[in-house]
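J.:
Now the structure itself:
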């Protein structure tokens, strides 16, 4: 059986609404500051991240913890390759 159609990223009707919604949302000034992830020690953050995720999900989920740490690690590598100016 074959399905045809588009997903949410391909359909402009949904992406326009998402962009509009993001523009309407208000975020604190602290979220507009960029963090140099190359200076962050992820090993120090690991226990805190694990505890926060466990508190939010009400279960211990190593997959989610590793996903978050992996995303932070990738952002640290990306910040190394970006040169200001």
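Numbering (our numbering), first residue to last: 4 to 88.
In this text, a Cβ means the ideal position worked out from N, Cα and C, and glycines have one as well.
Please classify residue 21: does DSSP put it in a helix, a strand, or coil?
T.: helix
J.: Count Cβ pairs between the region 68-76 and the region 42-54 that sit closer than 8 Å; are there 3 or more?
T.: Counting Cβ pairs under 8 Å, three or more are found: they touch.
J.: Less than 8 Å between the beta carbons of residue 56 and residue 67, yes or no?
T.: yes
J.: Spatial neighbours of residue 63 within its chain, please: C-beta separation below 7 Å, excluding the five flanking residues on both sides.
T.: 57
J.: Quick check on residue 56: does DSSP put it in helix, strand or coil?
T.: helix
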